[in-house]
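>
Numbering (the numbering used here), first residue to last: 390 to 566.
1. Between the segment 465-477 and the segment 447-454, can you find at least three pairs of beta-carbon atoms closer than 8 Å?
2. Are the CB atoms of residue 519 and residue 534 within a distance shorter than 7 Å?
3. Would residue 395 and residue 429 be called neighbours here (beta carbons separated by less than 7 Å)?
4. Is the distance from the Cβ of residue 452 to the Cβ of residue 426 below 7 Å?
5. CB residue 515 to CB residue 527, shorter than 7 Å?
6. Which of helix, strand or coil does DSSP assign to residue 482?
7. Taking residue 504 and residue 529 to be in contact with their CB atoms under 8 Å, please state how far apart those CB atoms are, rounded to whole angstroms.
8. Determine the direct distance from the alpha carbon of residue 548 to that of residue 397, and round the result to whole angstroms.
Encoded structure:
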């Protein structure tokens, strides 16, 4: 794993958090406990700061970054789907950002909100709590995240907490090449 200090800023990684060996965590980054940072993820706290709450999954190939002197804040129990980009944004607790989505500068995604796969949430846009945003640019649907979706997502989020522990116990380089 490439956990690197940058200009005196040292990443802080919570207990029980797994950072995959091919992920990069650079500079002023705080990751809470029991998180999963997947293969190829890039968390660059080089000239901005990144804060990630507990039990959050940053899946494979995500990019998280912040503008100079600013903060990208990701809440607790958030899922950042494979290959999404989150830049100088605020993602509230329990939100789900779909695979390949982009959440741009100063955008806000509310608690339990869902940003659909491939959606682009433009600068300064707001996805309300339990809102559903889809499309390019993202538009907010008339319906809200249901109790059934919340229950399913809670299970999926727990899967990544458990996966972090499993990787910590059982992931090793395979030298059989």
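The beta-carbon is built from N, C-alpha and C at its ideal position, and this holds for glycine as well. None of these values were measured; they are calculated from a predicted model.
Based on what the coordinates show:
1. Yes: the two stretches touch, three or more of their Cβ pairs being nearer than 8 Å.
2. In this structure, residue 534 sits near residue 519, with a CB-CB distance shorter than 7 Å.
3. Their beta carbons are not under 7 Å apart, which means residue 395 does not touch residue 429 by this criterion.
4. No, they are not a contact pair.
5. No.
6. DSSP places residue 482 in coil when its eight states are reduced to three.
7. Your pair residue 504 and residue 529 does not check out as a contact, with CB atoms roughly 10 Å apart and the cut at 8 Å.
8. If I take the Cα positions, the gap works out to 35 Å.
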